[in-house]
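*Asks:*
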Amino acid sequence: MSLSHGATASNGASNGAHGPVTVCLSFDFDAISIWTGPRGSRSPNLTARGEFASIGAHRLLDLLDERSLPSTWFIPGHTIDTFGDVCARVASDGHEVGYHGYCHEAPSSKRDEADERAILTRSMDCLERLAGGPPVGHRVPGGNCGDRWISLLIEHGFSYDSSMARNDYAPTWCRLGDVPTTDGPHRFGDEVDLVQLPFDWILDDWPYFSYDGPTVQGLRTPDHVFDVWSAEFDYLYERVGSGVFVLTMHPQCIGRGSRMLMLERLIDHMASRPGVAFATMEQVAEGFRSVSAPGDRANRRL
Ligand SMILES: [Zn+2]
94 MSLSHGATAS NGASNGAHGP VTVCLSFDFD AISIWTGPRG SRSPNLTARG EFASIGAHRL
154 LDLLDERSLP STWFIPGHTI DTFGDVCARV ASDGHEVGYH GYCHEAPSSK RDEADERAIL
214 TRSMDCLERL AGGPPVGHRV PGGNCGDRWI SLLIEHGFSY DSSMARNDYA PTWCRLGDVP
274 TTDGPHRFGD EVDLVQLPFD WILDDWPYFS YDGPTVQGLR TPDHVFDVWS AEFDYLYERV
334 GSGVFVLTMH PQCIGRGSRM LMLERLIDHM ASRPGVAFAT MEQVAEGFRS VSAPGDRANR
394 RL
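Quick note: the sequence shown uses the working numbering, first residue 94, plus one each step.
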């Protein structure tokens, strides 16, 4: 599989032993929306945690600028309306922006289609105002996206979703029409025209770093997270040989000093490997589209 490449690592001449390994740095810029939306909080303490995301975002943008690295930001409309200046910087610095709800709403069986359409349209309007064009990338805010939501994304011209991972290191195609069963094998639906880029909690900073009281006590050390993330990357590079490595980070988590230093160390580690490139998720999705199509026989590796 050949993937489109963005910025190449500084010493990135290929050693010939590896296929392309592409790193996608992605940021879910939830800010205050994750506290006021799905959690229904009106607490000034939690608002402050969300507010810190704007400081973390500037630190991340400084780091990306210093190293000329591309990245992808999934931004709720609420964050665009609340923190307009830093969101404008994300776009003007050339980073990709993608869909993440208006106030972090998960598509849900409790909503009707009209409600889902209204959220999708309002959020897309915010992103279009920010970036000058409609988003092509989608990450579902903290939940599942069923067939109706996937169909809406295709109808609205999205190129890819990044909310699940059937394959940890490779793009796949989304499916419609799966039938879960308990008295026989799972019935798989048909692949559809929406690329699936890997997302998994193991490469997400929230469970490691967010402290949500008794349920999520994620105050892991930066060294712990470096060990997990660098080993996941090393397995891709040394054993699998080619693919995409998608990191998901939240400015309100990763933006703390100790974690920023860990992220710098991890970027240095990945960039030191010959042949590694950094790209936006849109670029990776388009690269996959150039070599694959929904329903291709080669996709059947189950
Ligand atoms: Zn989120």
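Cβ atoms here follow ideal geometry from the backbone N, Cα and C, with glycine treated the same way.
These numbers were taken from a predicted model, which means no experiment stands behind them.
1) Less than 6 Å between C-beta atoms, sequence neighbours within five positions excluded: which residues of the same chain meet that for residue 342?
2) DSSP has residue 119 in a bridge; who is on the other side?
3) Measure the Cβ-Cβ separation of residue 232 and residue 193 and say whether it is below 9 Å.
4) What do you reckon, is the C-beta of residue 142 under 8 Å from a heavy atom of ligand 1?
5) Can you find a heavy atom of ligand 1 that lies under 8 Å from the Cβ of residue 235?
6) Helix, strand or coil for residue 361? Go by DSSP, reduced to three states.
7) Hey, residue 379 and residue 252 are a contact pair by Cβ (cut 8 Å); roughly how many whole angstroms apart?
8) Since residue 267 is in the alpha helix (DSSP H), which residue starts that stretch and which ends it?
9) Hey, residue 245 and residue 268 are a contact pair by Cβ (cut 8 Å); roughly how many whole angstroms apart?
10) Taking only three categories from DSSP, how would you classify residue 372?
11) Can you give me the Cβ contacts of residue 177 inside the same chain, cut-off strictly under 7 Å, excluding the 5 residues immediately before and after it?
12) To the nearest angstrom, report how far apart residue 191 and residue 167 are at their CA atoms.
13) What does a CB cutoff of less than 7 Å around residue 205 pick up in its chain, not counting 5 residues either side in sequence?
14) With a CB to CB cut of under 8 Å and the five nearest residues on each side skipped, what residues in its chain are close to residue 354?
15) Taking the alpha helix (DSSP H) that residue 177 falls in, what are its first and last residues?
16) Helix or strand or just coil, what does DSSP make of residue 227?
17) Quick one: is residue 217 near chain D, going by C-beta distance under 9 Å?
18) Quick one: residues in its chain with C-beta nearer than 6 Å to the C-beta of residue 389, no 5 flanking neighbours on either side, listed in chain order?
19) For residue 338 and residue 321, what's the separation of their Cα atoms in angstroms?
20) How would you label residue 295, buried or exposed, when you count the other beta carbons within 10 angstroms and need 16 or more for buried?
21) Measuring CA to CA, which of 308, 345 and 283 is closest to residue 392?
*Replies:* Let me spell this out:
1) Contacts found: 120 and 298.
2) Looking at the DSSP assignment, residue 119 forms a beta bridge with 165 and 341.
3) yes
4) no
5) It does: the Cβ of residue 235 is within 8 Å (strictly closer) of some heavy atom of ligand 1.
6) Three-state DSSP puts residue 361 in a helix.
7) 7 Å
8) First-last for residue 267: 265-269, but that is the beta strand (DSSP E), not the alpha helix (DSSP H).
9) Contact doesn't hold; Cβ gap of about 15 Å is too wide.
10) coil
11) Excluding positions up to five away in sequence, the list is empty.
12) 4 Å
13) Around residue 205: no qualifying Cβ.
14) 315
15) 177-185
16) coil
17) Here there is only one protein chain, and chain D is not present.
18) none
19) 13 Å
20) exposed
21) 283
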